[in-house]
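Asker: Counting with the working numbering, you get residues 3 to 179 for the letters of the sequence shown.
Backbone N, C-alpha and C define an ideal beta-carbon position, used for all residues, glycine too.
The structure under discussion is supplied below as structure tokens; questions concerning it will follow.
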Amino acid sequence: MKPLFKIIKTIWNALSILVVIIVVILAMLIAGVRVFGITPLMVLTESMKPNYPAGSMIYIKDMDAKELKKGDPITFSFNEDGDLATHRIVDIRESKDLPGTLEFQTKGDANEHVDGKWINERDVEGKLLFGIPGFGFFADYIQHPPGLYVAIALGGLLILFVFLPDVIFPKKRKSKE
3 MKPLFKIIKT
13 IWNALSILVV
23 IIVVILAMLI
33 AGVRVFGITP
43 LMVLTESMKP
53 NYPAGSMIYI
63 KDMDAKELKK
73 GDPITFSFNE
83 DGDLATHRIV
93 DIRESKDLPG
103 TLEFQTKGDA
113 NEHVDGKWIN
123 ERDVEGKLLF
133 GIPGFGFFAD
143 YIQHPPGLYV
153 AIALGGLLIL
163 FVFLPDVIFP
173 KKRKSKE
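Right under this line is the structure:
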């Protein structure tokens, strides 16, 4: 009977480690990337479909405007309220109003026409590095109630899951004689 408990404990420990690794990866993708200067954002519209459909989590990094080129997807503020959009650069020119700065003409991948307004480099938040389709829905869910409560409960269960084998199968201490 003892070898069966050892096998169960080994499997339990392996599963615990796997779950902890998954949780750490999810936490890094939701918040930890900020340590590296990367900002996660959720795509709200279908304008960048099929690569980044609504509900995707995209990751952007601040970049010097001189490094941007045609074809790069960028995130930018498009109005006075600071609302953001992510579209692809289709043309670049020097600003007529602010000499020495660049302006970008953009277009959503799913849109038929280019955007009506040129974007000044000051309004560019960053270049899109990569995206994960659908992950934005998950990230948004666990950041607001009731998803926040579910995440906290699952965190508690994870702690229990990791330490339960030590409670059920305590290690026997060898006594010194």
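1. Does the region 69 to 77 come within contact of the region 94 to 112, defined as at least 3 CB pairs closer than 8 Å?
2. How many whole angstroms separate the CB atoms of M59 and F137, which I take to be in contact at a CB cut-off of 8 Å?
3. How would you label A155, buried or exposed, when you count the other beta carbons within 10 angstroms and need 16 or more for buried?
4. Cβ atoms of I40 and Y61: under 8 Å apart, would you say?
5. What residues are listed by DSSP as bridge partners for I91?
6. Have a look at N81, L166, K98 and flag the residue whose alpha-carbon is nearest the alpha-carbon of S18.
7. Within the same chain, show all residues whose beta-carbon is closer than 6 Å to that of I32, passing over the 5 residues directly before and after it, in chain order.
8. Pick helix, strand or coil for S79, following the three-state DSSP scheme.
9. Can you have a look at H89 and say buried or exposed, based on whether 16 or more other CB atoms are within 10 angstroms of its CB?
10. Between the C-alpha atoms of D168 and V25, what's the straight-line distance to the nearest angstrom?
Answerer: So, from the data block:
1. yes
2. By one-based count along the sequence shown, residue 59 stands at place 57. By one-based count along the sequence shown, residue 137 stands at place 135. With 8 Å as the limit, M59 and F137 qualify as a contact, their Cβ atoms being about 4 Å apart.
3. For the purposes of this step, residue 155 is identified with residue 153 of the sequence shown, where counting begins at 1. Exposed is the call here.
4. Looking up residue 61 in the sequence shown gives position 59. Looking up residue 40 in the sequence shown gives position 38. Going by C-beta atoms, Y61 is nearer than 8 Å to I40.
5. Position 89 of the sequence shown, counted from the first residue, corresponds to residue 91. Paired residues: T108.
6. Working through the sequence shown from its first residue, we reach residue 18 at position 16. The candidate whose alpha carbon is nearest that of S18 is L166.
7. To locate residue 32, count along the sequence shown from 1; it is residue 30. Only A141 meet the Cβ criterion.
8. In the sequence shown, the residue the question calls residue 79 occupies position 77. Here S79 sits in strand by DSSP.
9. On the sequence shown, residue 89 is found 87 positions in, with the first residue counted as 1. Classification of H89: buried, given that the 10 Å Cβ count is 16 or more.
10. Taking the first residue of the sequence shown as 1, we reach residue 168 at position 166. Taking the first residue of the sequence shown as 1, we reach residue 25 at position 23. Computed Cα separation, rounded: 21 Å.
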